[in-house]
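Chains as they are written, first to last, in the numbering used here: chain A, 1 to 321; chain B, 322 to 642.
Report on one structure; see the data block that follows.
Number of protein chains: 2
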Amino acid sequence: MAVYTPVSDAALDAFLADYEIGEPRALKGIAEGVENSNFYLETTQDRFILTLFEKRANPEDLPWFVALTEHLAKKGFPCATPVKARDGQALRTLEGKPALIVEFLTGISPRKPNIAQCRAFGVALAQMHKALEDFTKPRANDLGPDGWRALWSARAKDADALEAGLSDLISADMDLITGHWPAPQALPTGAIHADLFPDNTFFIGDRFTGAFDFYFACTDFLAYDLAICLNAWSFEDGAEYNFSKGHALIKGYQSVRPLSETERAALPLLARGAAIRFFLTRLVDWYATPADALVEPHDPLDYASRLRFHRQAKGAEDYGA
Amino acid sequence: MAVYTPVSDAALDAFLADYEIGEPRALKGIAEGVENSNFYLETTQDRFILTLFEKRANPEDLPWFVALTEHLAKKGFPCATPVKARDGQALRTLEGKPALIVEFLTGISPRKPNIAQCRAFGVALAQMHKALEDFTKPRANDLGPDGWRALWSARAKDADALEAGLSDLISADMDLITGHWPAPQALPTGAIHADLFPDNTFFIGDRFTGAFDFYFACTDFLAYDLAICLNAWSFEDGAEYNFSKGHALIKGYQSVRPLSETERAALPLLARGAAIRFFLTRLVDWYATPADALVEPHDPLDYASRLRFHRQAKGAEDYGA
């Protein structure tokens, strides 16, 4: 939520000399993206977003993210398309950090997506999965079930401090979910966004205009991406599942890519797993963020509440599928 | 350096309905301005900056700041011009905060202004003072010599923690400066910016394209504004006075508004006073900013070093005048 690396006018001039996108006219640090430094960049030719990757980003992963968004752009999926320098490279260096210029996307992130937006988003999510069908280079999901135990072991005590008895509930969930998690080949798999919350999307009115912040993208079950989005788009005020929104999202999704019976059957478990994943990272951030920081961390208990819904869900129809 | 108040898409839609500037197309929190929340706002018609005034801004002062920049804009001085809503009012309310839309200024703030930029800036500063000659509504300078003691009494001990013996030096400076400060009618007075550092200006190449962040503006000696700018523009790496830059700045200034003999004679004392003012507020911010905050406070010792230069300056010619 802040600019970590300032960019000087002189460094920017030297950096842009390697591109054919005109002379700089404005550069403003954007208070978006927790992991990286983002800038609104205006040149004599157009508007762009400039990203400097900070130390939490693994430099080895960056070419994969760039290739992914280039692939999506080529397929016509609306996302922040990387801009190449004269040498054909999109990923370069500025102020000593890996740096990337992407095209500017218009649109505004919805705070509380309405039903029409949920439907349009479901369509877009499936279109994204379709567009990535032939993007076959894999990237492991560091925050999948195999990564949960490491996050959890250090934080289980903190969960009880948030809510008495929560630690046992989460542990039991994790045992059950990891015990029943689908085998690698059991469900259709591909590149997924894995963090496509409303604030990583843009809309103009009810029209979806783009997705961004692909830096958790990885290879995983396509239905798991949908399950993440059901958690992110269809709960109101933390806990309550809005069936109409979930129904609209899934209906939109299926209008492009119908779910198989296996995917439908797996949906409640995948949704429960997605809730665990966001509960865990929020729990870590909750205790890692200083009390007086300018960024307010997300409340992990929102996901503890979502888990209550997922525990009682019996099938995809409980989500509106 | 962060967005304090988030603005939802729904609130923005309702807010913009009172303007005639088109439909919203993009809204991005800008990591600029320590005091307020600033957003890059794009509509179907144009680009703007949206500011929400946070609690450190005194709501009673806001109409004065708006009137000041409207006055400057009318005179053709390049600054962020307030945009009026349909009812003729520029100052409105959004997300429960006083809110203002201003026009978008192109340009980039120079990190280390060069000599040509210093000269262009000197010209612009004098043009601003000229443009404000008939802006006669007064606003007291809260951070003038009368305000120093209150800041200092709580922090004198901290100065010694920064550098042994510094507290006595600063106290002696303050006694001398306040004892010799010009009487209210002794020097030409008017509305001044009072904080016109390079990062509150924009340039395209060596051309000055605008000034912004007028929220410390007040009524004071015009030569004091120049003295503030000599501190802000003409020292290198904290301590060393770059005579060529100071000379260029003053020469540019005098090409529009020549200094009187009284102003020339007062310049060393005014420059020393300006250094005290920024030393004091930086000292307060230095200890008020949590060690793990994302914003790095400015080092107050930069101004302790500038004071060493000011103490030995004998006349305006030592600054290049």
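Ideal placement from N, C-alpha and C gives every residue a C-beta, glycine not left out.
Tell me, please, which residues DSSP counts as bridged to residue i.
i: B/Y361; result: B/K349, B/I370
i: A/L94; result: A/K97
i: A/Y241; result: A/F235
i: B/G428; result: A/A26
i: A/V102; result: A/I49, A/P82
Kindly indicate if chain B contains any beta-carbon less than 8 Å away from that of residue i.
i: A/K55; result: no
i: A/P24; result: yes
i: A/E95; result: no
i: A/A313; result: no
i: A/S8; result: yes
i: A/I204; result: yes
Can a CB atom of chain A be found closer than 8 Å to the CB of residue i?
i: B/L348; result: yes
i: B/F335; result: Rather than Phe, the amino acid found at residue 335 of chain B in this sequence is Ala. Taking Cβ atoms only, chain A never reaches closer than 8 Å to B/A335, which makes this a no.
i: B/R432; result: yes
i: B/G428; result: yes
i: B/A352; result: yes
i: B/E363; result: yes
i: B/E638; result: no
Considering residue i, what are the terminal residues of the beta strand (DSSP E) in which it resides?
i: B/E356; result: Where B/E356 is concerned, there is no enclosing beta strand (DSSP E), given that its DSSP letter is neither H nor E.
i: B/I525; result: 522-525
i: B/I513; result: 510-513
i: A/R207; result: 207-211
i: A/C218; result: 218-221
Measuring CA to CA, which of the options is closest to residue i?
i: A/A120; options: A/F77, A/L62, A/Y253; result: A/Y253
i: B/Y361; options: A/K28, A/T43, A/N36, A/D46; result: A/K28
i: B/Q410; options: B/F398, B/V423, B/C400, B/G511; result: B/V423
i: B/D267; options: B/A553, B/T583, B/D467; result: Residue 267 of chain B lies beyond the range of chain B shown here (322 to 642); nothing can be said about it.
i: B/K335; options: B/W385, B/G417, B/A352; result: Going by the sequence as given, residue 335 of chain B is Ala instead of Lys. The option with the nearest alpha carbon to B/A335 is B/G417.
i: B/N563; options: B/L464, B/N435, B/H514, B/G531; result: B/N435
i: B/D330; options: B/T583, B/D496, B/P589, B/L415; result: B/L415
i: B/D382; options: B/D558, B/A461, B/P579; result: B/A461
i: B/D489; options: B/Q633, B/G500, B/K433, B/A477; result: B/A477
i: B/F374; options: B/S555, B/Y325, B/A388, B/E341; result: B/Y325
i: A/Y287; options: A/R277, A/P300, A/T43; result: A/P300
i: A/K84; options: A/T69, A/P78, A/G76; result: A/T69
i: A/L315; options: A/R272, A/R282, A/F279; result: The question names Leu, but residue 315 of chain A in the sequence shown is Gly. When only C-alpha atoms are compared, the closest one is A/R272.
i: B/P327; options: A/A11, A/A239, A/I30, A/E20; result: A/I30
i: B/I429; options: B/D408, B/F533, B/F542, B/E561; result: B/F533
i: A/T130; options: A/D318, A/H310, A/W64, A/I192; result: Residue 130 of chain A is actually Lys in this sequence, not Thr. The residue with the shortest Cα to Cα distance from A/K130 is A/I192.
i: A/C229; options: A/A194, A/L280, A/F48, A/L12; result: A/A194
i: B/K566; options: B/P431, B/C439, B/A347; result: B/C439
i: A/K112; options: A/L72, A/R306, A/D237; result: A/D237
i: B/E356; options: B/E484, B/P380, B/A437; result: B/P380
i: B/P589; options: B/D639, B/S492, B/K395; result: B/D639
For the alpha helix (DSSP H) containing residue i, list its first residue and its last residue.
i: A/E263; result: 261-288
i: A/Q312; result: 301-312
i: B/I491; result: 487-501
i: A/Q127; result: 115-131
i: B/E391; result: 383-395
i: B/L464; result: It is not in any alpha helix (DSSP H) - B/L464 carries neither H nor E in the DSSP assignment.
i: B/K478; result: 477-483
i: A/A11; result: 9-16
Could you check whether the Cβ of residue i sits closer than 8 Å to any Cβ belonging to chain C?
i: A/F208; result: The chain inventory of the structure shown lacks chain C, comprising the protein chains A and B.
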